[in-house]
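Per full-length UniProt numbering, residue 1 is the first one in the sequence shown, and the count goes up by one each step. C-beta: ideal position from N, C-alpha, C; glycine also.
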Amino acid sequence: MTGPLRIGNASGFYGDRFDAMREMLTGGPLDVLTGDYLAELTMLILGRDRLKNPDGGYARTFLRQLEECLGLAYERGVRIVANAGGLNPAGLADAVRALADRLGIPVRVAHVEGDELSGCFPGVLAAHAYLGGGGIGVCLREGADVVVTGRVTDAALVSGPAAAHFGWGPGAYDELAGAVVAGHVLECGTQATGGNYAFFAEHDGRRLRHPGFPVAEIHEDGSSVITKHDGTGGVVDIGTVTAQLLYETSGARYAGPDVTARLDSVRLTQDGPDRVGISGVRGEAPPPTLKVGLNRLGGFRNEVVFVLTGLDVEAKAALVREQMEAALDAAKSRPSEVRWELARTDRPDADTEETASALLRLVVRDADEQSVGRRLSGAAVELGLGSYPGFHLTAPPGRGAPYGVFDAAYVEQGAVDHVAVLHDGRRIPVPPPAATRVLEAADEPPLTEPLPPGRTCRAPLGLVAGARSGDKGGDANIGVWARTDDAWRWLAHTLTADRLRELLPECSGLPVVRHVLPNLRALNFVVEGLLGEGVAAQARFDPQAKALGEWLRSRHLEIPEVLL
1 MTGPLRIGNA SGFYGDRFDA MREMLTGGPL DVLTGDYLAE LTMLILGRDR
51 LKNPDGGYAR TFLRQLEECL GLAYERGVRI VANAGGLNPA GLADAVRALA
101 DRLGIPVRVA HVEGDELSGC FPGVLAAHAY LGGGGIGVCL REGADVVVTG
151 RVTDAALVSG PAAAHFGWGP GAYDELAGAV VAGHVLECGT QATGGNYAFF
201 AEHDGRRLRH PGFPVAEIHE DGSSVITKHD GTGGVVDIGT VTAQLLYETS
251 GARYAGPDVT ARLDSVRLTQ DGPDRVGISG VRGEAPPPTL KVGLNRLGGF
301 RNEVVFVLTG LDVEAKAALV REQMEAALDA AKSRPSEVRW ELARTDRPDA
351 DTEETASALL RLVVRDADEQ SVGRRLSGAA VELGLGSYPG FHLTAPPGRG
401 APYGVFDAAY VEQGAVDHVA VLHDGRRIPV PPPAATRVLE AADEPPLTEP
451 LPPGRTCRAP LGLVAGARSG DKGGDANIGV WARTDDAWRW LAHTLTADRL
501 RELLPECSGL PVVRHVLPNL RALNFVVEGL LGEGVAAQAR FDPQAKALGE
551 WLRSRHLEIP EVLL
């Protein structure tokens with residue numbers, strides 16, 4: 001039986017820790033090193049970059065990392081797979097070849113293309129299908145040392161190398177699904193090793209100051225062990241892996257271009273210090289369509305934040321709002337969208353000025369840059385001596401800035417020309433899957449018996465449950481999990497979709513879908529429309545819903561005393 005394939009991750013987003021590639025190459029044995037550089041917002045940023053420079057459109061950080069580390073990877077026999085190609089994987093592949101030639105390192109560089117679909121969606125800045133791991137696998141089987149891609153699914157960076165290494169065919173659904181789950185755990189880097197973790201305070205703070213990046217030891221049957229290099233910071237336990245499994249997912253069926261993984265089949269075991277086993281993953285045929293991420297410029301936005309200190313905060317807010325609304329109405333063109341938010345961050349009898357202050361945030365949007373630019377900033381500045389007592393702003397208002405909008409569309413799997421472009425120039429087409437299955441919601445599993453009645457105490461949910469939240473376009477997800485069977489019996493019956501709306505009033509009136517994952521002792525909520533037009537539109541205080549789960553954990557409800 002073939003030994004495990006060790007795949008490490010060195011990037012969870014464009015801007016992640018620069019030294020991570022070197023740390024991973026020198027910290028322990030690896031077969032493949034991956035890097036995830038793309039997100040919905042990143043594609044918009046790269047699209048705007050390419051408008052300025054047609055030869056750009058890729059993550060330049062990756063190229064700078066390779067300048068330091070390409071020789072290390074070649075010496076150690078570690079193959080590198082990254083989606084840093086962004087909107088221009090061919091351009092990045094050429095740049096890597098030029099770098100290798102300059103450094104005298106004889107690596108073979110290949111790339112994957114076919115995700116770019118802008119011609120099918122007029123008026124967008126970027127349109128890219130989420131490809132699977134097939135093209136990556138072809139490149140590796142044909143001897144590539146470095147593979148760069150554009151928009152592939154994050155998990156494909158792991159499932160593609162695993163399929164190539166073990167020789168899995170397109171019908172090896174369980175094996176592929178196991179690799180997809182491992183890839184989902186790895187894709188956000190140190191979020192799997194204690195970063196952004198709900199129960200971080202339970203661990204030695206020194207370990208969490210510089211968490212190591214994760215490693216997956218993938219076996220031929222698709223099972224895996226999540227770990228990290230010996231001696232690195234952070235922690236890998238069932239909780240950190242559960243948190244990442246729930247991140248930016250929805251129901252039991254986790255669909256991808258190559259396979260649909262059943263998250264309700266995942267079983268986690270603590271196999272030793274900083275080692276979590278993933279087994280039992282079942283897979284199904286992928287859906288017949290591919291998701292396409294559409295990025296377009298939505299217009300221009302601007303914001304002003306007024307600081308309201310001390311007494312009469314509500315009255316101060318009302319006065320400046322009336323003044324600003326009158327100025328906006330008197331302008332030649334009022335912004336098409338005007339939004340006010342008052343954050344009562346102030347405390348009574350505060351011992352510092354900052355903690356005695358509330359923040360009033362005004363956000364405006366319009367297709368016309370002038371409507372949100374100097375007219376707004378001028379109106380705010382002119383109030384400096386004629387408004388509420390203590391008038392000041394957090395920062396001088398600026399000119400209007402462009403914002404983006406993300407949408408999702410779907411095309412048939414066969415509508416894209418998925419191609420592996422090899423180091424010698426050969427182009428090998430990657431066919432769509434022969435078998436597909438229309439994606440349907442999984443049947444709701446039966447709930448465990450509730451806890452017997454007993455004494456309760458009003459306390460924060462976070463004392464008995466962890467959470468992690470994130471964004472998918474305009475929707476937000478909140479994964480909530482319990483750490484004991486008794487806590488799960490209570491959580492599963494208590495935290496309904498209606499109760500979540502009560503605890504998070506911002507979600508009232510919005511569709512909330514609850515998914516139950518008993519093997520993980522977890523609930524996953526999808527709040528539709530909470531984020532408006534997506535992170536690039538910045539329509540919300542926390543535009544990516546990163547802290548939505550922590551807000552939920554801070555909310556108080558009646559909790560059985562036996563759980564506290």
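How far does the alpha helix (DSSP H) with residue i in it extend, from its first residue to its last?
| i | result |
| --- | --- |
| residue 75 | 60–76 |
| residue 224 | Residue 224 -> not in any alpha helix (DSSP H); beta strand (DSSP E) instead, spanning 224–228. |
| residue 482 | Looking at the DSSP string, residue 482 is not in any alpha helix (DSSP H); the run it does join, the beta strand (DSSP E), is 475–482. |
| residue 184 | 173–186 |
| residue 242 | 238–246 |
| residue 493 | 485–494 |
| residue 341 | Per DSSP, residue 341 belongs to no alpha helix (DSSP H); it is in the beta strand (DSSP E), 337–343. |
| residue 26 | 20–27 |
| residue 360 | Where residue 360 is concerned, there is no enclosing alpha helix (DSSP H), although the beta strand (DSSP E) it sits in stretches over 357–366. |
| residue 52 | 40–52 |
| residue 380 | 374–381 |
| residue 96 | 89–103 |
For residue i, does the count of other Cβ atoms within 10 angstroms reach 16, so buried, or fall short, so exposed?
| i | result |
| --- | --- |
| residue 375 | buried |
| residue 580 | With the chain covering only 1 through 564, there is no way to say anything about residue 580. |
| residue 389 | exposed |
| residue 410 | exposed |
| residue 316 | buried |
| residue 81 | buried |
| residue 336 | exposed |
| residue 541 | exposed |
| residue 89 | buried |
| residue 139 | buried |
| residue 560 | buried |
| residue 263 | buried |
| residue 385 | exposed |
| residue 286 | buried |
| residue 349 | exposed |
| residue 119 | exposed |
| residue 392 | exposed |
| residue 457 | exposed |
| residue 175 | buried |
| residue 322 | exposed |
| residue 273 | exposed |
| residue 329 | exposed |
| residue 438 | exposed |
| residue 125 | buried |
Would you grab the beta carbon distance between residue i and residue j for me? Rounded to a whole angstrom, and I think it's under 8 Å.
| i | j | result |
| --- | --- | --- |
| residue 412 | residue 289 | 6 Å |
| residue 227 | residue 215 | 5 Å |
| residue 142 | residue 2 | Going by Cβ atoms, the distance from residue 142 to residue 2 rounds to 19 Å, so no, they are not a contact pair. |
| residue 246 | residue 522 | 6 Å |
| residue 299 | residue 366 | 6 Å |
| residue 12 | residue 188 | 4 Å |
| residue 158 | residue 7 | 5 Å |
| residue 180 | residue 238 | Not really, about 19 Å apart at Cβ, beyond 8 Å. |
| residue 208 | residue 233 | 7 Å |
For the beta strand (DSSP E) holding residue i, just list the boundary residues, first then last.
| i | result |
| --- | --- |
| residue 156 | Element bounds for residue 156: not the beta strand (DSSP E) but the alpha helix (DSSP H), 156–166. |
| residue 316 | It is not in any beta strand (DSSP E) - residue 316 instead sits in the alpha helix (DSSP H) that spans 313–330. |
| residue 458 | 456–460 |
| residue 136 | First-last for residue 136: 134–141, but that is the alpha helix (DSSP H), not the beta strand (DSSP E). |
| residue 469 | 465–472 |
Can the beta-carbon of residue i be found less than 8 Å from the beta-carbon of residue j?
| i | j | result |
| --- | --- | --- |
| residue 95 | residue 131 | no |
| residue 192 | residue 240 | yes |
| residue 556 | residue 459 | yes |
| residue 135 | residue 164 | no |
| residue 212 | residue 184 | no |
| residue 35 | residue 73 | no |
| residue 416 | residue 114 | yes |
| residue 372 | residue 400 | yes |
| residue 377 | residue 320 | no |
| residue 301 | residue 123 | no |
| residue 258 | residue 454 | no |
| residue 380 | residue 359 | no |
| residue 87 | residue 160 | no |
For residue i, decide whether its Cβ has a neighbour in chain C, counting only Cβ atoms nearer than 8 Å.
| i | result |
| --- | --- |
| residue 470 | Within the model displayed, chain C is absent; a lone protein chain is all it includes. |
Could you say if the segment 235–254 and the segment 472–488 meet the contact criterion of at least three C-beta pairs nearer than 8 Å?
Yes, the segment 235–254 touches the segment 472–488.
Count the CB pairs spanning the segment 501–516 and the segment 12–24 that are closer than 8 Å, and state whether there are at least three.
They do not touch, by the three-pair rule.
Is the number of C-beta pairs between the segment 527–537 and the segment 33–53 that are closer than 8 Å three or more?
The answer is yes - the segment 33–53 touches the segment 527–537, with three or more Cβ pairs under 8 Å.
Three or more C-beta pairs below 8 Å linking the segment 411–431 and the segment 141–157
Between the segment 411–431 and the segment 141–157, the count of C-beta pairs closer than 8 Å reaches three or more; the two stretches touch.
Are the segment 491–506 and the segment 437–455 in contact at 8 Å, needing three or more beta carbon pairs?
A contact exists between the segment 491–506 and the segment 437–455.
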